[in-house]
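Down below is the structure, laid out as structure tokens.
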Amino acid sequence: MPAVGALDLRIRGVVQGVGFRPFVYRLARRHALAGWVRNGESGVAVHVEGPLDALDAFARAVVDEAPPAASIASVDATPGAFERHREFAIRESSAGERPTARIAPDIAVCRACLRELFDPADRRYRYPYINCTDCGPRYSIVLGLPYDRPATTMASWTMCARCEAEYDDPADRRFHAQPQACPACGPSYVLREDGRDEMRGTAAIAAAAARLRDGAIVAIKGIGGYHLACNATDAEAVAALRERKYRKERPFAVMTCSVELARTLVELDDAAEALLTSVARPIVLARARRVLEGVAPGNRELGVMLPYTPLHHLLFAEGAPDVLVLTSANRSSEPIAFEDADAVANLAGIAEAFLVGERRIARRIDDSVARVTAAGSSVLRRARGFAPRAIVTIPATRSILAVGGDLKNAIALVVAGQAFVSQHVGDLDHLPARDAFEQTVHDLCAMYEIHEDELLLAHDAHPEYASSVFARSTLGEHVAIQHHRAHVASVLAERGEWDREVIGVAFDGTGYGDDGTIWGGEIFTGSIRGGFDRVAHLREAPLPGGDAAAQFPVQAAAGFLFDLDDLPDLTAEPFGFPARYAFARSMIERGVRTFRTTSMGRLFDTVAALLGFTREITFEGQAAMWLEHQAAAASETAAYEFPLRDGELDYRPLLAAIVDDRLCGRDGGSIARAFHGAVVEAVVGVHAAFGADRPLVASGGVWQNRLLVESLYARLGESLWLNRIVPANDGGLCLGQAALAAVAMRS
Ligand code: ZN
Ligand code: ZN
Ligand code: FE
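Here's what the structure looks like:
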């Protein structure tokens with residue numbers, strides 16, 4: 000008889016709500032082991048008994064064969080007490096200690112479910128809410144932990160006998176699939192038009208597909224909110240959507256029916272395609288191959304995603320146009336609508352029909368946005384499919400809530416040393432967004448049973464940020480973290496580098512500096528643990544109107560060009576600056592509402608203005624994006640001079656050269672390219688000046704610029720450290736704040 004023993008495994012990571020227990024059950028049976036598995040409050044606990052070699056093989060297979068949506072952070076294996084179990088069982092969740100186990104993100108519909116969806120013999124044929132333990136909603140339906148059906152928005156739907164039998168059978172793919180349902184017992188979709196519910200089920204979906212074909216705008220309930228959809232190849236429909244949504248130029252994303260079709264729309268390499276087809280199904284930004292009129296005007300990139308709910312697949316199968324604009328349903332920049340009554344009321348003037356799903360959404364979650372550059376993949380907006388996955392370990396002895404900034408807000412909660420980052424919340428400049436922010440704070444705290452008065456709150460140093468005001472008004476202790484140090488720390492926290500001495504280059508549009516001025520072109524040396532010293536920065540410029548200047552590139556130009564000698568009349572050709580420029584200049588001369596800035600974002604705006612972008616922008620970062628596309632279309636050329644002197648990057652020589660080149664008639668794209676080159680060479684120079692043996696960490700919104708990142712990566716290679724998990728823009732601030740707060744707390 001072979002030697003027998005027992006093994007206790009404690010598995011941490013994303014292991015709940017991803018089909019992990021049935022997977023362990025099937026695995027134990029395959030290895031003929033007895034024992035049990037249950038969801039604990041710190042992951043999944045397994046007890047197995049049997050021959051020693053089978054125990055070994057089982058422990059390996061738990062990691063090697065884990066379900067696709069699971070992500071194992073650690074496995075602790077210890078010899079267990081031999082309890083003479085006769086079979087293997089799935090036990091109920093335990094309660095007691097504080098939950099540290101994570102809820103999984105929402106997952107795209109799996110292959111097995113898709114096969115059933117289109118199999119006329121299957122009882123879930125064409126059922127828009129089909130799912131199983133390997134796929135379907137999670138975070139968007141959960142109301143509390145542990146993740147069990149009564150704590151989801153499926154609680155009110157009682158399973159029929161057949162669904163119940165599947166739910167209870169450990170050998171079934173739907174064993175404990177919490178949103179488990181079928182046409183006989185579960186929710187469906189309803190088409191609402193002219194204030195009436197017209198049709199239900201397949202008929203409703205077919206009618207919505209027909210409306211889309213006819214050029215209508217249809218509001219469609221998805222996983223984390225409503226989308227507005229229209230035919231992406233119908234320029235009139237796209238124009239109507241822009242007009243009704245007050246969204247003049249900001250690019251729309253599209254959904255294509257298949258990856259084959261996506262390949263005809265954008266250039267996809269293997270890495271980009273892997274991202275596009277991953278279970279998270281983000282919008283992937285890639286170089287456009289085809290122009291869809293009005294979808295992404297003036298942009299070389301296009302955001303593409305694949306269907307991720309059964310409903311999306313059904314819409315295409317029912318004949319919806321095979322490229323759809325799919326954009327968050329809201330008015331201009333308000334948060335995405337996710338409640339039915341809200342959506343129907345607020346979008347009445349925009350959508351002609353509503354495809355309303357009967358399953359309630361527990362919380363709003365936008366689509367995520369990601370892309371692949373030569374330097375690797377990056378996330379520009381972290382939401383559906385990613386949130387609220389625990390992303391890194393932060394050595395903190397108490398709970399920390401980092402509230403992020405006011406633009407592209409996202410928050411981070413550190414519980415038991417694990418950092419959970421919320422979905423993208425949005426810009427906190429108006430009330431609905433601030434409500435969404437507070438809701439997200441309470442939601443995340445409630446989910447992990449953290450009381451707000453036991454928290455350490457980390458917030459931006461900007462005293463007037465709504466997020467800062469909120470943090471200071473709560474009961475707990477709070478700590479202010481300077482914006483650009485948080486950007487740099489976010490990259491290091493992703494890598495778990497607490498002591499590594501680096502050079503940090505934080506380039507963005509705006510952030511509150513130590514001296515109260517507007518920073519945005521900052522160079523630091525140091526580490527998370529030791530702190531970051533500001534060792535250099537962009538030369539200071541006057542900024543008439545302060546942060547409001549971000550709306551008008553010529554206003555930033557008035558500031559950055561102010562110190563230049565022999566400036567020609569910029570209101571004349573070829574510059575053609577509008578009257579706002581002269582007015583802004585006079586504000587500086589008179590010292591009216593003029594601030595000081597070191598913002599790299601405003602320098603990009605200045606150059607864009609000099610090259611012809613002299614109007615008001617219609618979305619954040621538009622002028623810099625325009626400049627990047629001008630540069631990317633031009634061929635490589637010598638960089639302008641952008642010297643580092645006495646801790647200052649002096650932009651005056653390059654601006655003077657650009658003015659001269661414009662007067663001589665040099666091509667704008669070539670000038671833009673030489674400017675990008677200047678920024679890259681300046682950073683390379685900074686690296687050499689402050690320690691070429693150290694990694695160079697680059698973060699901040701400016702680093703969303705593909706050309707800049709790829710050019711710098713070509714120069715620095717693996718010495719260049721960029722954000723991979725959280726965005727380089729202000730969406731990543733919360734992670735850096737949490738890391739620096741953890742250190743501040745211990746010192
Ligand atoms: Zn499935
Ligand atoms: Zn059923
Ligand atoms: Fe920033």
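For the sequence shown, numbering that gives the first Met the number 0 puts the final residue at 746, and the numbers step up evenly by one.
Virtual Cβ for every residue (Gly too), placed ideally from N, Cα, C.
Sorted by chain position, residues whose beta-carbon lies closer than 5 Å to a non-hydrogen atom of ligand 2 are CYS159, CYS162, CYS181, ALA183 and CYS184. Counting only beta-carbon distances shorter than 5 Å to the non-hydrogen atoms of ligand 1, the qualifying residues in chain order are CYS109, CYS112, CYS131, ASP133 and CYS134. Within the same chain, and ignoring the five residues on either side of VAL742 in sequence, the residues whose Cβ sits closer than 7 Å to its Cβ are ILE527 and ARG528. Taking a cut-off of 6 Å from the heavy atoms of ligand 3, the residues with a C-beta inside it are HIS482, HIS486, ASP507, GLY510, GLY699, GLY700 and ASP729.
Cβ-Cβ separation between SER70 and VAL13: approximately 4 Å, consistent with a contact (criterion under 8 Å).
The shortest CA-to-CA distance from GLY530 to any of ILE502, ALA540 and TYR511 is the one to ILE502. For VAL62, the secondary structure class from DSSP, reduced to helix, strand or coil, is helix. Residue state for TYR128 is assigned as coil, using DSSP reduced to three classes. Taking 8 Å as the cut-off, the beta carbon of ALA150 is found closer than this to the beta carbon of GLY143. With respect to LEU32, LEU51 sits apart: the two C-beta atoms are not nearer than 8 Å. Short of 7 Å from the beta carbon of TRP702, and not among the five residues preceding or following it, lie these beta carbons of its own chain, in chain order: PHE506, VAL708, LEU721 and ALA727.
In the DSSP assignment, VAL685 falls within the unbroken alpha helix (DSSP H) covering 667-689.
According to DSSP, residue pairing for ILE349 in a beta bridge does not occur. Around PRO652, the same chain offers GLU640 as residues with beta carbons nearer than 6 Å, after the five sequence neighbours per side are excluded. Under the 8 Å Cβ criterion, the segment 267-282 does not count as touching the segment 290-299, having fewer than three qualifying pairs. DSSP, reduced to helix, strand and coil, places ILE657 within a helical segment of the structure shown. Contact between PRO387 and PRO127 does not hold, since the beta-carbon distance rounds to 25 Å and is not under 8 Å. In the three-state DSSP reduction, LEU643 falls in the strand class (E or B).
Of the residues assessed, VAL258 falls on the exposed side of the cut-off, its CB having fewer than 16 other CB atoms within 10 angstroms. Taking one beta carbon from each stretch, the segment 446-465 and the segment 393-401 have 3 or more pairs nearer than 8 Å; the two touch. Using a Cβ distance threshold of 8 Å, HIS312 and LEU116 count as a contacting pair.
The beta-carbon distance between TYR245 and ARG330, rounded to whole angstroms, is 7 Å. This is short enough to meet the 8 Å contact definition.
Only residues of its own chain outside the window of five on either side were considered, and among them PRO543, GLY544, GLY545 and MET586 have a CB closer than 8 Å to the CB of ARG592, listed in chain order. Just so you know, the alpha carbons of ARG125 and ASP168 end up roughly 24 Å apart.
Annotation: the continuous alpha helix (DSSP H) that includes GLN629 extends over 621-632.
Under the Cβ criterion (8 Å, minimum of three pairs), the segment 662-677 counts as touching the segment 628-643.
Judged by DSSP in its simplified three-state form, ARG494 adopts helix. In the displayed model, PHE559 falls within a helix according to three-state DSSP. The C-beta distance from ALA549 to GLY508 rounds to 6 Å, short enough to meet the 8 Å contact threshold. Taking a cut-off of 8 Å for Cβ pairs, the segment 727-740 and the segment 405-416 touch, as three or more such pairs fall below it. In this structure ASP666 does not touch ALA687 by the C-beta definition: roughly 31 Å separates them, more than the 8 Å allowed. Boundaries of the alpha helix (DSSP H) harbouring PRO431: 430-446, taken from the DSSP string. The beta carbon of ILE102 is closer than 8 Å to those of GLN15, GLY16, ARG137, TYR138, VAL141, LEU144, TYR146, PRO387 and MET446 in its chain, skipping five residues each way along the sequence. Counting the other Cβ atoms within 10 Å of the Cβ of PRO694 gives 16 or more, which makes it buried.
Annotation for ALA677: ALA638, TYR639, GLU640, PHE641 and LEU653 place their beta carbon closer than 8 Å to its own, counting only its chain and skipping 5 residues before and after. Following the DSSP letters along the chain, one finds MET158 in no alpha helix (DSSP H), marked with neither H nor E.
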